[in-house]
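This report concerns only the one structure given below.
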Amino acid sequence: DIGTAKPTAAEMAQCPHHLIDIIDPTDAYSAAQFHADANRQIADIHARGKLPLLVGGTMLYFKALTDGLSDLPQADPALRQQLEADAARLGWPAMHARLAALDAVTAARLAPNDSQRIQRALEICLLSGDTMSALLARGRDDAARGNLLRLALNPDARSWLHQRIALRFHIMLEQGFLDEVSRIRERWPQLSLELPSMRCVGYRQAWEYQDGLYSHAEFVERGIAATRQLAKRQITWLRSMAADNLNLAADHDDILSPACHAIERWLAAQRQD
């Protein structure tokens, strides 16, 4: 809850949220599952005469919804185990270099220690004989139908973004993030750092800190650094996606007014059509 900034009960009572608390941290979740779940929710919201808002930072999921799914192969447990063994022996930077030799486009947008995405990209290359970047570029005819308004919040000043990231991480700690990680590990003892849920930014660093791999100060530093890397990847995704960008000035936090104005203009245009 804390590590993912999940909406509070009060926030969800004020405005309904969907696709929250739908799986356990021991379960995997894919873009294909999200594609099906999100389309079902969107259809239900439209049937009630409401307008769905898709909010979040998982750009691959959003791309799967708006552009359609590519024919990516399903995960192969045996191959995944082999890749994890190779990574344990060689390190993820070496696996990243292996990916760069097979799929330079995908490797260029991934950090050398982004284990989950490097593993999946290698898996796709080895199973399909094609690159992840090529398969994603092809897309399919199951893209989202209808008009979309895409709003991206792009801070003008990177220093402002870094300050906000550090502030958010410290607030998470004040809210009891480390206690939350301890409770999760207690409730699901079968969890490991190889599962996608525990590879999330913050959770991996908290797990390793609790295992005594580094000091509290280093844990905080690593957690903030990992969040900054995630933000950088998100900005790279946003630049590659068609969006009506709302550029956030570094000296104020008023994002609501310009966002509302953009939505009002879009709704007015829809009514005219």
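Numbering (the numbering used here), first residue to last: 667 to 939.
All C-beta atoms, glycine included, are put in the ideal place defined by N, C-alpha and C.
All values reported here derive from a predicted model rather than from experimental measurement.
Which residues in the same chain as residue i place their Cβ atom closer than 6 Å to its Cβ, once the five residues preceding and following it in sequence are excluded?
i	result
A753	M761
L768	C791
For residue i and residue j, I'd like the C-alpha separation in whole angstroms.
i	j	result
V721	D796	31 Å
R830	W932	29 Å
R870	L859	7 Å
L896	R714	35 Å
A770	C681	42 Å
L904	R746	29 Å
Q936	H927	14 Å
R834	A709	34 Å
R899	L802	17 Å
H882	E750	28 Å
A891	Q938	47 Å
A925	A702	28 Å
S923	R804	37 Å
L815	D877	44 Å
A712	Q748	Inspection of the sequence shows that residue 712 is occupied by His rather than by Ala. Their Cα atoms are separated by approximately 45 Å.
E840	A934	43 Å
Who are the Cβ neighbours of residue i in its own chain at under 8 Å, not counting the five residues just before and after it?
i	result
Y880	E874, R888
C866	G669, T670
D955	Residue 955 is absent from the structure shown; the chain starts at 667 and stops at 939.
F843	I668, G669, G868, A872
P691	I850, W854, L857, L861, S863, M864
G723	L896, Q900
Within its chain, find whatever has a CB closer than 7 Å to the CB of residue i; leave out the 5 residues flanking it on each side and keep chain order.
i	result
A698	L735
I784	W758, M761, H762, L765, L776
T772	L765, A787, T797, M798, S799
M725	Q900, W903
Hey, residue i and residue j are a contact pair by Cβ (cut 8 Å); roughly how many whole angstroms apart?
i	j	result
K672	I689	Incorrect: roughly 13 Å between the Cβ atoms, too far for contact.
H828	R894	6 Å
L819	I929	Wrong, their Cβ atoms sit about 14 Å apart, outside the cutoff.
Segment contact, 8 Å Cβ cut-off, at least three pairs: the stretch 789 to 803 with the stretch 731 to 740: yes
Inter-stretch contact (C-beta, 8 Å, three-pair minimum) for the stretch 812 to 823 and the stretch 768 to 779: no
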